[in-house]
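J.:
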Amino acid sequence: MAQAPEMKEVKVFAPATVANVACGYDVLGFAIDAPGDEVIVRHSSKPGLRITKITGDGGKLPKTVEGNTAGVSAQDLLRHLGMMDRGIEMEIHKKMPFGSGLGSSAASAVAGVYAVNKLIGEPLSKKQLLPFAMTGEASADGAYHADNVGPCLLGGIVFIRSNQELDIAQLPVPKNLWAAVVHPDIEILTKVAREILPKDIPIVNATQQIGNLGGLICGIIQEDYGMISRSIHDVIAEPHRQKLIPEFYRAKRAAQSNGALGFSISGAGPSVFALCEGEETAQKVGKAVAQVFTDAGLENQTHVSRINQKGVHVIS
Ligand code: HSE
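Quick note on this note's numbering: the sequence shown kicks off at 1025 and runs consecutively.
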């Protein structure tokens, strides 16, 4: 790929993502328009990558490059390119909570590596940045799965055939597919949500899940909302993880009775999502689900969005 000219300063936005999409544990995810993290990078006369400012993290993130996913992914890219001595300053502006199920650590990892790649004249394509963003995210939750990083980087709905080989495919996005994502104000650590899952699953569950994942992918490709709806079921993670989310089944019933195509946990939770045909239904479903959490005394935020097809991008 021909190099673009270097830029003086780059500000990028990396969107929130919904991982798993019910039946695609670790292998399917999509991006939404908002919220998302922002990263700003600029050249510096002092050698090496430095994090000069972090906002929106409640003081939780250290300013060391190794201490957060944006620094780790960017550093991994610079190491790969043999450019570790380049002077680069980075600012990280967190716009979504940690442990929210919205792909917060993935968004920072993607934003960090994408911003630095742009700044130095874009030596690598977006898709080539995937392994570096993965290293960044893995530094936060210890696991290696591209179902947040993939859609955050590329946009749209991303299917991962193999996380080890990073063999991924972008699916076409049905025109009228909307998501309603509701975040109840509790924190769930991905590590904990992964540890509560059983190590083995009965073959009957595996068969059901494979059928549903295939059905969901066919429904998405053929724009068959009925097939999408029949397929959004998770018999592997949801039955175990729902215990971590107060009023999960009440929220699910509210989504279903207001016309959602399907409803499940966003990533490791506590955010939940519904896929809907059309904005009007998505708005209605988002309100009904939010009301369930409000009634239970839980603060919450709702994000109604089309599937974001852009992924990470420069904003100035
Ligand atoms: N696929 C991951 C999980 C997403 O469900 O644990 C959370 O990072």
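Where a beta carbon is used, it is the ideal one built from N, C-alpha and C, also for glycine.
Can you list, in chain order, the residues of its chain whose CB lies under 7 Å from that of D1165, leaving out five sequence neighbours each side?
T.: S1129, T1214, K1215
J.: Just to confirm before moving on: does the CB-CB distance between E1113 and S1068 stay below 8 Å?
T.: yes
J.: Could you tell me whether the Cβ atoms of S1124 and S1295 are closer together than 8 Å?
T.: yes
J.: Nearest to Q1188 by CA position, among L1177, D1319, T1159, is which residue?
T.: T1159
J.: My output table needs one value for G1239: the three-state DSSP class, helix, strand or coil.
T.: helix
J.: In this structure, does DSSP put G1095 in helix, strand or coil?
T.: Correct three-state label for G1095: helix.
J.: Quick check: the Cα distance between K1077 and A1133, rounded to an integer number of angstroms?
T.: 16 Å
J.: Enumerated in chain order, which unbroken segments of the beta strand (DSSP E) with a length of 3 residues or greater are wholly contained in the segment 1056-1085?
T.: Complete beta strand (DSSP E) runs here, min 3: 1073-1079.
J.: Quick check on this structure: which residue in F1183, P1071, Y1138 has the alpha carbon closest to the alpha carbon of L979?
T.: The chain is shown from 1025 up to 1340; residue 979 falls before or after that span and cannot be answered.
J.: Does ligand 1 have a heavy atom nearer than 7 Å to the CB of G1291?
T.: yes
J.: Considering only DSSP beta bridges, list what I1360 is partnered with.
T.: Outside the displayed span of the chain (1025 to 1340) sits residue 1360, for which this structure offers no information.
J.: If you reduce the DSSP assignment to three classes, tell me which class A1193 lands in.
T.: strand
J.: Starting from the Cα of G1053, find the closest Cα among V1259, A1170, E1211, S1097 and give me that residue.
T.: A1170
J.: Between F1272, G1091, G1136, which lies nearest to V1206 when the distance is taken from Cα to Cα?
T.: F1272
J.: Measure the C-alpha to C-alpha separation of S1329 and G1286 and round it to an integer number of angstroms.
T.: 15 Å
J.: Please go through the same chain and pick out, in chain order, the residues whose beta-carbon is closer than 7 Å to the beta-carbon of L1221, but skip the five residues on each side of it.
T.: Around L1221: A1261, H1264.
J.: Since Q1004 is in the alpha helix (DSSP H), which residue starts that stretch and which ends it?
T.: Only positions 1025 to 1340 of the chain appear in the structure, and residue 1004 is not among them; the question remains open.
J.: Measuring alpha carbon to alpha carbon, tell me which of A1028, W1202, I1116, Q1194 ends up nearest A1284.
T.: W1202
J.: Shortest alpha-carbon distance to L1105 belongs to which of V1089, P1147, I1116?
T.: Restricting attention to V1089, P1147, I1116, the CA atom closest to the CA of L1105 is found in P1147.
J.: For a quick check, are the C-beta atoms of L1322 and I1245 less than 8 Å apart?
T.: no
J.: Between which two residues does the beta strand (DSSP E) carrying S1186 extend?
T.: Element bounds for S1186: 1181-1186.
J.: Determine the burial state of D1109: buried for a count of at least 16 other Cβ atoms within 10 Å of its Cβ, exposed for fewer.
T.: Flag for D1109 reads exposed.
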